[in-house]
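Quick note, our numbering runs 105 ahead of the 1-based positions in the sequence shown.
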Amino acid sequence: MSLLKRIESPTDLKKLSPDQFPELCQEVRELIIDVISGVGGHLASNLGVVELTVALHYLLDMPHDKIIWDTSNQTYTHKLLTGRREQFHTIRQFGGISGFCKREESVYDAFNAGHAGTGVSAAVGFVEAREQLARSHKVVCVVGDGALTSGMTLEGLQHSGDMGRDFVVILNDNQMSISRNVGAISAYLNRTFTGEFYTRFCEETSHLLEAIPQIGASVKRMAMRAEELAKGLFLPGLLFEELGFRYVGPIDGHNFEHLLPTLENVLKLKGPTLLHVITKKGLGFEPAMNNPVWFHACSPFKRETGQPVKKPGHPSYSSVAARTLIRQARKDPRVMVITAAMCEGTEMTEFQKEFPTRLIDVGIAEQHAVTYAAGLAAENMRPVICMYSTFLQRAYDQIIHDVATQNLPVMFCIDRGGLVAEDGTTHHGVFDFAFLRHMPNMVVMAPKDENELQHMVQAGLVHDGPVAVRYPRGSSLGVPLDSEPIPLEIGQGELLAEGQDVAILAIGAMVSRAMQAAEKLRDDGVSVAVVNARFVKPLDKDLIREVAKNVKCLITVEEGCRMGGFGSAVLEFLSEEECWDLPTKVLGLPDWYIEQGPQDLLREKYGLTADGIYDQAKALHDRVSLKTILR
Ligand SMILES: Cc1ncc(C[n+]2csc(CCOP(=O)(O)OP(=O)(O)O)c2C)c(N)n1
Numbered sequence: 106m107s108l109l110k111r112i113e114s115p116t117d118l119k120k121l122s123p124d125q126f127p128e129l130c131q132e133v134r135e136l137i138i139d140v141i142s143g144v145g146g147h148l149a150s151n152l153g154v155v156e157l158t159v160a161l162h163y164l165l166d167m168p169h170d171k172i173i174w175d176t177s178n179q180t181y182t183h184k185l186l187t188g189r190r191e192q193f194h195t196i197r198q199f200g201g202i203s204g205f206c207k208r209e210e211s212v213y214d215a216f217n218a219g220h221a222g223t224g225v226s227a228a229v230g231f232v233e234a235r236e237q238l239a240r241s242h243k244v245v246c247v248v249g250d251g252a253l254t255s256g257m258t259l260e261g262l263q264h265s266g267d268m269g270r271d272f273v274v275i276l277n278d279n280q281m282s283i284s285r286n287v288g289a290i291s292a293y294l295n296r297t298f299t300g301e302f303y304t305r306f307c308e309e310t311s312h313l314l315e316a317i318p319q320i321g322a323s324v325k326r327m328a329m330r331a332e333e334l335a336k337g338l339f340l341p342g343l344l345f346e347e348l349g350f351r352y353v354g355p356i357d358g359h360n361f362e363h364l365l366p367t368l369e370n371v372l373k374l375k376g377p378t379l380l381h382v383i384t385k386k387g388l389g390f391e392p393a394m395n396n397p398v399w400f401h402a403c404s405p406f407k408r409e410t411g412q413p414v415k416k417p418g419h420p421s422y423s424s425v426a427a428r429t430l431i432r433q434a435r436k437d438p439r440v441m442v443i444t445a446a447m448c449e450g451t452e453m454t455e456f457q458k459e460f461p462t463r464l465i466d467v468g469i470a471e472q473h474a475v476t477y478a479a480g481l482a483a484e485n486m487r488p489v490i491c492m493y494s495t496f497l498q499r500a501y502d503q504i505i506h507d508v509a510t511q512n513l514p515v516m517f518c519i520d521r522g523g524l525v526a527e528d529g530t531t532h533h534g535v536f537d538f539a540f541l542r543h544m545p546n547m548v549v550m551a552p553k554d555e556n557e558l559q560h561m562v563q564a565g566l567v568h569d570g571p572v573a574v575r576y577p578r579g580s581s582l583g584v585p586l587d588s589e590p591i592p593l594e595i596g597q598g599e600l601l602a603e604g605q606d607v608a609i610l611a612i613g614a615m616v617s618r619a620m621q622a623a624e625k626l627r628d629d630g631v632s633v634a635v636v637n638a639r640f641v642k643p644l645d646k647d648l649i650r651e652v653a654k655n656v657k658c659l660i661t662v663e664e665g666c667r668m669g670g671f672g673s674a675v676l677e678f679l680s681e682e683e684c685w686d687l688p689t690k691v692l693g694l695p696d697w698y699i700e701q702g703p704q705d706l707l708r709e710k711y712g713l714t715a716d717g718i719y720d721q722a723k724a725l726h727d728r729v730s731l732k733t734i735l736r
């Protein structure tokens, strides 16, 4: 029987002897690679923490003790060791286990995450609760070097360092965020841990001293003490020690002979301790080691070669946005792109190649990204923030306080707007319309297709104030692109079809589905007006007023939360207009967190397909007609 199959919980792991761990890790890696090659997922980070996870579960008393995993996309081994081996093949799929920690999934998952940089703060909360409740368990936070670029991690570290309570932070340093890590702290860790200078210093001093006859050995002993001092200068300890942590490391995170005794000792130490562990992303799978960026969050791939299975389809929305930005950047030297550790995801690598000094990766620092852009805009630059919708949530106040109140021309290219599939709850970009549209000065738009996207991006680039263009994940519709992006007029919607029975007002990716639903309704003899709203703000009030006047009922549809989004904006407008006798329905996502699953399946579940829109529109129309007959 394989070693892994003997493990139903960490208690079973403790029955193994540490010299069996390398074999266990091999089995864990094989299983992870097998499953993730079929369903996609965060392969590289997971392969990098197999030994660390085994060591933690071996030494801790789980679930009494707590591990808080920052971001938690590196928890596949943790899942395999905590009773989820049998379900592991369902990971990231509809109805299956999550690719992240989920308290509702297991008692071993202490805290949910999906966004980076929350781990230390949450863990400090666990530590304080333990003290308040007079308990004695251990709290360990595993945080990546990428997450160290996040302000929150630093806020958490400086707070816990000052509190002085027993707490272990494990810095999992693989020198990578998704792409190569950025920033001064990363450079500092790098400089010191590769330690060329430090290693050479030690070796040379040691040889020099040994060579001195008679006194050599004793001077060397003295020198060893000096070496400890030198460590403080050359190794990263200094930074963390100044923050109030005892620093231990760096150690090899794949070598149990280093990991187990060091970790065992660290767990006994009093006060805040930081253990610096060096790991390799993708370890055990050559293609992932060679290309950790693609394998950070990969789609399904061929097990033998690591080649992606997915065939290229229509260009992605992200690539069309990037192309438009490049065109404008060639003409306007003030255009700059800012990314928060998502250069590849937002497909801005081409922009980076052409304008290496005009693409700035600030690390996992969304708040800083926004205020930094505001500073640029205040000096008449044209900054464009390319960010996933879900991560922009973190910068809500910066958008209001630093951008919108000053009416600064910062453009937000909001990628992954709407449902994003397998990453699930923490990653769906469904709140953006709602959290942006109530900000005075803000323009919020979403294109019906990639051609409209390029015109919207162009409109944003020349608009004199804050603008958000929100587009979906994945392939575009495959419509032809006009040769030149022409700025759309702000606030101008598009009437796609006239009709007298039902009006469907759709925004973004829902427009094409609304058109299909309208076709079906027409087959039933229903006369349907279809509006491509284009703008959540400012609404095209004249167009909506005109359409609303001529129909018996109206439906809005968006791939976003119903509360406070596009539909709400239309309802507010209709109420302003005292349009009291127009039956209206808002289609969108309900007031709960949407689960993981393929985009199409989720759209079907939440009625955001052509058929879903048709069903709702037909039902509303039939009810209205019945009422009219009965009157
Ligand atoms: C707030 C936020 N911004 C961006 C991301 C996208 N993201 C996921 S993992 C990751 C890199 C994390 O690097 P690190 O903390 O070093 O962990 P590793 O994956 O290397 O273990 C990024 C940028 C995110 N999850 N959360």
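Where is the CB? At the ideal position from N, CA and C, for every residue including glycine.
Owing to the predicted nature of the structure, the values given are computational and were not obtained by experimental measurement.
Proximity test, residue i beta-carbon vs ligand 1 heavy atom, cut-off 7 angstroms
{"i": "residue 345", "result": "no"}
{"i": "residue 279", "result": "yes"}
{"i": "residue 150", "result": "yes"}
{"i": "residue 419", "result": "no"}
{"i": "residue 282", "result": "yes"}
{"i": "residue 83", "result": "Missing from the structure shown is residue 83; the chain here goes from 106 to 736 and no further."}
{"i": "residue 436", "result": "no"}
{"i": "residue 221", "result": "yes"}
{"i": "residue 250", "result": "yes"}
{"i": "residue 496", "result": "yes"}
{"i": "residue 499", "result": "yes"}
{"i": "residue 394", "result": "no"}
{"i": "residue 527", "result": "no"}
{"i": "residue 156", "result": "no"}
{"i": "residue 472", "result": "no"}
{"i": "residue 110", "result": "no"}
For residue i: DSSP bridge partner residues
{"i": "residue 573", "result": "517 and 549"}
{"i": "residue 698", "result": "According to DSSP, which records beta bridges pairwise, residue 698 is partnered with nothing at all."}
{"i": "residue 173", "result": "246"}
{"i": "residue 148", "result": "Per DSSP, none; premise fails for residue 148."}
{"i": "residue 496", "result": "Partner(s): none; residue 496 has no beta bridge."}
{"i": "residue 466", "result": "444"}
{"i": "residue 636", "result": "600 and 610"}
{"i": "residue 642", "result": "549"}
{"i": "residue 352", "result": "379"}
{"i": "residue 662", "result": "611 and 692"}
{"i": "residue 285", "result": "281"}
{"i": "residue 523", "result": "534"}
{"i": "residue 357", "result": "383"}
{"i": "residue 413", "result": "406"}
{"i": "residue 684", "result": "Paired residue(s): none; residue 684 is not in a bridge."}
{"i": "residue 671", "result": "Looking at the DSSP assignment, residue 671 forms no beta bridge with any residue, so it has no partner."}
{"i": "residue 487", "result": "440"}
{"i": "residue 126", "result": "Paired residues: none, contrary to the question."}
{"i": "residue 272", "result": "377"}
Exposure label - residue i; buried when at least 16 CB within 10 Å
{"i": "residue 169", "result": "exposed"}
{"i": "residue 200", "result": "exposed"}
{"i": "residue 119", "result": "exposed"}
{"i": "residue 277", "result": "buried"}
{"i": "residue 433", "result": "buried"}
{"i": "residue 386", "result": "buried"}
{"i": "residue 615", "result": "buried"}
{"i": "residue 237", "result": "exposed"}
{"i": "residue 106", "result": "exposed"}
{"i": "residue 331", "result": "The pLDDT assigned to residue 331 is 46, lower than 50, so where the model puts this residue is not dependable; a value taken from the coordinates is nonetheless given after this. So residue 331 counts as exposed."}
{"i": "residue 663", "result": "buried"}
{"i": "residue 654", "result": "exposed"}
{"i": "residue 112", "result": "buried"}
{"i": "residue 191", "result": "exposed"}
{"i": "residue 399", "result": "buried"}
{"i": "residue 522", "result": "buried"}
{"i": "residue 410", "result": "exposed"}
Candidates the options: closest to residue i by CA position
{"i": "residue 382", "options": "420, 417 and 279", "result": "279"}
{"i": "residue 175", "options": "222, 133 and 186", "result": "222"}
{"i": "residue 538", "options": "669, 376, 518 and 527", "result": "669"}
{"i": "residue 435", "options": "459, 401 and 448", "result": "459"}
{"i": "residue 599", "options": "412, 585, 673 and 617", "result": "617"}
CB contact below 8 angstroms: residue i versus chain C
{"i": "residue 421", "result": "Structure shown: chain C not included; a single protein chain is present."}
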